[in-house]
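J.: I am attaching a structure below and will ask some questions about it afterwards.
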Amino acid sequence: MPELPEVEVIRRDLEKEVVGRKIRKAEVRSTKNAMRIIRRHKNRKDFESALVGAKISSIDRLGKYILLHLDNQMALVIHLGMSGQLLQCKASAAVENHTHVVLDFTVGGQLRYIDPRTFGEMFVSPKGDLGEVKELQKLGIDPLEQPLTWQYFSETLANKKTKMKGLLMDQKFICGIGNIYSDEILFLAGIRHDRESDSLSSSDVRRLYRAIHEILQDAIKYRGTSADDEQYRDLYGAVGEYSQFLKVYQREGQPCRRCRTPVERSRWSNRSTFYCPQCQV
DNA sequence: GTTTAACCCTGCACGC
DNA sequence: TGCGTGCAGGGTTAAA
102 MPELPEVEVI
112 RRDLEKEVVG
122 RKIRKAEVRS
132 TKNAMRIIRR
142 HKNRKDFESA
152 LVGAKISSID
162 RLGKYILLHL
172 DNQMALVIHL
182 GMSGQLLQCK
192 ASAAVENHTH
202 VVLDFTVGGQ
212 LRYIDPRTFG
222 EMFVSPKGDL
232 GEVKELQKLG
242 IDPLEQPLTW
252 QYFSETLANK
262 KTKMKGLLMD
272 QKFICGIGNI
282 YSDEILFLAG
292 IRHDRESDSL
302 SSSDVRRLYR
312 AIHEILQDAI
322 KYRGTSADDE
332 QYRDLYGAVG
342 EYSQFLKVYQ
352 REGQPCRRCR
362 TPVERSRWSN
372 RSTFYCPQCQ
382 V
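The following block contains the structure:
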């Protein structure tokens, strides 16, 4: 599942590859679930006509959302969901299964949206209306883009009484962290997933604050994570290299890289959580 | 205020 | 071998 690091890698690559390109043709393909991807639009034409002829002027990221700003005062908003992928390729390249949307540039090939599980979505909105998109409105602090102040961070933890894993994954608090990186951040900070936020000492909070930045920056450096069952691929179809540095995620039964205790897995709100019972307290 | 469960869909593992 | 069934997976949201 693409989380903040993967989405940021894609954003940076899009900035290099598609800014300045003009969309010659936009096609919502006739796949079984293509309409699910553009579910906010009433029909294909409504989506396609907003894009044709526009030039991409800049790329933004808000949490796990990618925003392609267009020179026609519209913005193309993309959320990759669980299995969404943006692929830059030549127009002549074979079309992969589950390719739902294709943007054809006047120069520079195509940008394709592929999504087997169709949890992702794309929509076009007037730039002036982006502030009214409720999913974007509710997003909390983006730890890379906005300064996550020590005061806000520690006060929020102290004022809530919720389990740490849930809080880290709460997009209204900090946006961009999902299941993989919440496990890795909590391991690095030495904090269990089920610790309640108001039980953290000031040194716990300090370690956690550092771990958020360190893990996310490292994951971006290695171009994200493509874990065993993850289908994440970058803009060029390559897997992320951070998988080899994972300390706990999907390492159930394997020795902890720090203390050799077998990594455990538990269920939290129907999600798998991986942790070291020795290093995390 | 917080937690839980259901929903969305596909691919894979497993059993017959 | 082939088919059918059940479940995992994450974000969101409604319900508890």
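Per the working numbering, the first sequence starts with residue 102, numbered consecutively.
Virtual Cβ for every residue (Gly too), placed ideally from N, Cα, C.
1. Could you tell me how far apart the beta carbons of S159 and H170 are, in whole angstroms, since I believe they sit closer than 8 Å?
2. Ignore the nearest five residues each way along the sequence and tell me which others in N173's own chain have a CB closer than 6 Å to its CB.
3. Since I believe V119 is in contact with V202 (beta carbons under 8 Å), could you give me their beta-carbon distance rounded to a whole number of angstroms?
4. Quick check on F375: does DSSP put it in helix, strand or coil?
5. Look at the alpha carbon of D114 and the alpha carbon of D147, and state the distance between them as a whole number of angstroms.
6. Could you check whether the stretch 362 to 376 touches the stretch 342 to 351, counting it as contact only if at least three pairs of C-beta atoms, one from each stretch, sit closer than 8 Å?
7. What whole-angstrom Cβ distance do E342 and R324 have, given they're in contact under 8 Å?
8. Work out the CA separation of G232 and R140 for me, nearest whole Å.
9. Are the beta-carbon atoms belonging to L163 and E246 less than 9 Å from one another?
10. Exposed or buried, which one is K266 when buried takes at least 16 other CB atoms within 10 Å?
11. Looking only at its own chain, which residues have a Cβ that is under 7 Å from the Cβ of M136, when we skip the five neighbours before and after it?
12. Is I138 near Y214, with beta carbons less than 9 Å apart?
13. Determine the burial state of R361: buried for a count of at least 16 other Cβ atoms within 10 Å of its Cβ, exposed for fewer.
14. Below 9 Å between beta carbons: does that hold for G277 and L317?
15. Bridge partners for M223 per DSSP, in chain order?
16. Would you kindly work out how many angstroms separate the C-alpha atoms of R307 and F274, rounded to a whole number?
17. I'd like the ranges of any alpha helix (DSSP H) spanning at least 4 consecutive residues and lying wholly in the stretch 237 to 311.
18. Contact between the stretch 184 to 191 and the stretch 228 to 244 is defined here as three or more beta-carbon pairs at a separation below 8 Å; is this criterion met?
19. Reducing DSSP to helix, strand and coil, say where N161 ends up.
20. Can you tell me which of the three DSSP states Q345 falls into?
21. In this structure, what does DSSP give as the bridge partners for R213?
22. Leaving out the 5 sequence neighbours to the left and right, which residues in its chain are closer than 8 Å to R368 when beta-carbon positions are compared?
T.: The answer reads as follows:
1. 5 Å
2. A155
3. About 14 Å; that fails the 8 Å criterion.
4. strand
5. 28 Å
6. yes
7. 6 Å
8. 19 Å
9. yes
10. buried
11. none
12. yes
13. exposed
14. yes
15. I179
16. 17 Å
17. 251 to 260, 265 to 269, 280 to 290
18. no
19. One point to set straight first is that residue 161 is Asp, not Asn, in the sequence displayed. D161: strand per DSSP, three-state reduction.
20. helix
21. L188, V203
22. T374
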